[in-house]
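As numbered in the numbering used here, residues 56 to 155 make up the sequence shown, in order. Yeah, the Cβ is synthetic: ideal placement off N, Cα and C, and Gly gets one too. Computed from a predicted structure; not experimentally measured.
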Amino acid sequence: MSAYKPDWNELEACRESLREHMEIIKKLRVTEEYWRLLVETGASELKGVVSCGWTLDHDGECWDTGCGHAFVIIDGNPEENGMIFCPYCGNKIAANASAS
Ligand SMILES: [Zn+2]
56 MSAYKPDWNE
66 LEACRESLRE
76 HMEIIKKLRV
86 TEEYWRLLVE
96 TGASELKGVV
106 SCGWTLDHDG
116 ECWDTGCGHA
126 FVIIDGNPEE
136 NGMIFCPYCG
146 NKIAANASAS
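Okay, here's the thing in structure tokens:
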């Protein structure tokens, strides 16, 4: 068994992938925490760190997403409907249903 040595093509592909990731991030509104973690730990640690805050509107009918969309759930909250990630921005849903 010899030690793994990436060749230059692999390194270039890796660099390209990172560049694409950075382009996507630039288009999103991300927090300073997100940037700090990206730099310090790398992208694999970011899952679940960035969340999209969902709040139930005052009528209790429509959820306003943190990324600027509205979503109607017929019955229950996002969690009760098995929703983990925001369908718009892809971040983890942090539902805040303080509505009575
Ligand atoms: Zn979202």
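When the distance is taken between beta carbons, is Gly121 closer than 8 Å to Gly137?
For this step, residue 137 is matched to residue 82 along the sequence shown. For this step, residue 121 is matched to residue 66 along the sequence shown. No, they are not a contact pair.
Is the beta carbon of Gly115 within less than 7 Å of some heavy atom of ligand 1?
As a working note, residue 115 is residue 60 in the sequence shown. No; taking the cut-off as 7 Å, the Cβ of Gly115 has no heavy atom of ligand 1 nearer than that.
When the Cα atoms are used, what is the spatial distance from Pro142 to Asn64?
To locate residue 142, count along the sequence shown from 1; it is residue 87. To locate residue 64, count along the sequence shown from 1; it is residue 9. One C-alpha to the other measures close to 35 Å.
Quick one: what does DSSP say Asn151 is sitting in, helix, strand or coil?
In the sequence shown, counting from the first residue as 1, residue 151 sits at position 96. In this structure, Asn151 counts as strand in the three-state DSSP scheme.
Can you find a heavy atom of ligand 1 that lies under 7 Å from the Cβ of Gly131?
The residue labelled residue 131 in the question sits at position 76 within the sequence shown. No, the Cβ of Gly131 stays beyond 7 Å of every heavy atom of ligand 1.
Pull up the distance between the alpha-carbon of Val127 and that of Leu66, whole angstroms please.
Position 72 of the sequence shown, counted from the first residue, corresponds to residue 127. Position 11 of the sequence shown, counted from the first residue, corresponds to residue 66. Cα to Cα, Val127 sits roughly 45 Å from Leu66.
Closest to Ile148 by C-alpha separation, out of Val105, Glu78 and Arg91, would be which residue?
Looking up residue 148 in the sequence shown gives position 93. Closest option to Ile148, Cα to Cα, is Val105.
Where do the ends of the beta strand (DSSP E) carrying Gly156 lie?
Examination of residue 156 is not possible in this model, given that the chain is present from 56 through 155 alone.
Residues in the same chain with beta-carbon distance under 7 Å from Ser155, minus the five sequence neighbours each way, listed in chain order, please.
One-based indexing of the sequence shown puts residue 155 at position 100. Residue placement at Ser155 is flagged as unreliable, the pLDDT there being 39, under the threshold of 50; a coordinate-derived value is accordingly withheld.
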